[in-house]
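In the numbering used here, the protein residues as written are 13 to 282. Even glycine gets a Cβ: it sits at the ideal position worked out from N, Cα and C. First up is the structure itself, then whatever we jot down about it.
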Ligand SMILES: [Zn+2]
Ligand SMILES: [Zn+2]
């Protein structure tokens with residue numbers, strides 16, 4: 013299935029040579045589990061519809077440890093409830109202050125081995141995990157929005173300084189395996205250029221909820237308001253922690269005239 017999302021690249025850098033070398037080694041050497049380092053069993057490739065795309069990068073034990081979100085959740089922010097029992101209901105945070113987005117959903121819990129895979133991609137430049145993670149993200153998109161109309165999908169942008177350091181946008185790298193969506197009967201476009209990161213923000217790691225909200229204030233700006241006015245927009249990110257990043261995106265999009273904003277992330281921190 014052809015991917016439709018180009019990976020956002022910065023100018024050539026030594027990071028890119030390192031990544032290419034790494035990809036070449038991955039292709040030549042027997043594969044190890046990207047989370048624990050165990051040798052992987054031979055994987056039979058069956059294309060995009062492989063039963064478990066993560067089998068390409070995770071050993072059997074690590075796949076068994078993966079925690080997907082399938083219990084009761086908050087229908088607004090997607091927070092899973094620890095008890096795993098009962099039905100969906102609004103969480104305390106959404107009752108106290110409704111977020112700017114209408115609905116957020118995530119594929120899995122941000123813990124090992126999913127957290128390790130995301131770190132391998134973002135911080136070690138291990139691009140071989142991008143496609144299996146992208147397939148997992150695609151599955152979550154179909155579950156959440158398979159029969160809902162979305163006009164525009166926006167991967168959360170990186171500030172150009174961070175893009176230069178990392179060499180690629182991890183969300184766009186994951187979404188490269190997504191099929192084209194702008195064909196009938198759907199008319200959803202994927203556009204990473206509508207929203208821009210206006211401010212370079214400090215890393216969110218180690219900040220509490222209030223500090224994250226302050227850190228993200230006015231961090232995003234809509235570059236082409238005509239593209240979002242009256243439209244239903246889906247923001248895609250890798251991890252949702254307190255939701256400060258996606259809330260800042262949603263606020264910028266809503267104030268530029270978006271009719272509805274939803275959020276999809278690969279992982280959800282508890
Ligand atoms: Zn493993
Ligand atoms: Zn909630």
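| Asked | Found |
| --- | --- |
| Beta strand (DSSP E) runs contained entirely in the region 53-139, provided each spans 3 or more residues | 115-121 |
| Which residues DSSP lists as bridging residue 244, in chain order | 272 |
| Secondary structure of residue 201, DSSP reduced to three states | strand |
| Residue 161, buried or exposed, once every other Cβ within 10 Å from all chains shown has been counted against 16 | exposed |
| Closer than 7 Å: residue 53 CB and nearest ligand 1 heavy atom | no |
| Bounding residues of the alpha helix (DSSP H) (the contiguous stretch that carries residue 144) | 142-157 |
| Cβ shell of residue 70 (< 7 Å), same chain only, five flanking positions each side left out | 45, 46, 47 and 125 |
| N-terminal and C-terminal residue of the alpha helix (DSSP H) that residue 233 is part of | Where residue 233 is concerned, there is no enclosing alpha helix (DSSP H), although the beta strand (DSSP E) it sits in stretches over 232-234. |
| Span separating the alpha-carbon of residue 57 from that of residue 144 | Unreliable placement is indicated for residue 57, whose pLDDT of 48 sits below 50; the coordinate value is still reported in the next sentence. In a straight line, the C-alpha of residue 57 is about 12 Å away from that of residue 144. |
| Per-residue DSSP class, three states only, for residue 253 | coil |
| Neighbouring residues (CB closer than 6 Å to any heavy atom of ligand 1) | 45, 47, 48, 50, 70, 71, 73 and 74 |
| Beta carbon proximity, residue 102 to chain C, threshold 8 Å | No chain C appears in the structure shown, which is made up of a single protein chain. |
| Any non-hydrogen atom of ligand 2 within 7 Å of residue 89 CB | yes |
| Buried/exposed call for residue 72, threshold 16 Cβ in 10 Å | exposed |
| Other residues of its chain near residue 260: CB distance less than 6 Å, five sequence neighbours each side excluded | 228, 231 and 232 |
| Nearest candidate by alpha-carbon position, reference residue 89, set 175, 76 and 114 | 114 |
| Inter-stretch contact (C-beta, 8 Å, three-pair minimum) for the region 240-248 and the region 261-275 | yes |
| Sufficient close CB pairs (3 or more, under 8 Å) joining the region 147-166 to the region 97-108 | no |
| Beta-carbon gap between residue 116 and residue 258 smaller than 8 Å | yes |
| Buried/exposed call for residue 99, threshold 16 Cβ in 10 Å | exposed |
| Supposed contact pair residue 92 and residue 221 - C-beta distance, whole angstroms, cut 8 Å | That belief does not hold up - the Cβ atoms of residue 221 and residue 92 are roughly 18 Å apart, past 8 Å. |
| Run of the beta strand (DSSP E) containing residue 175, from where it starts to where it stops | Where residue 175 is concerned, there is no enclosing beta strand (DSSP E), although the alpha helix (DSSP H) it sits in stretches over 172-178. |
| Cut-off 8 Å between Cβ atoms - residues of its own chain near residue 240, not counting five sequence neighbours on either side | 164, 206, 234, 265, 268, 269 and 270 |
| Own chain residues within Cβ distance below 8 Å of residue 253, not counting five before or after | 122, 216, 224 and 281 |
| heavy atom of ligand 2 below 7 Å from residue 102 C-beta | yes |
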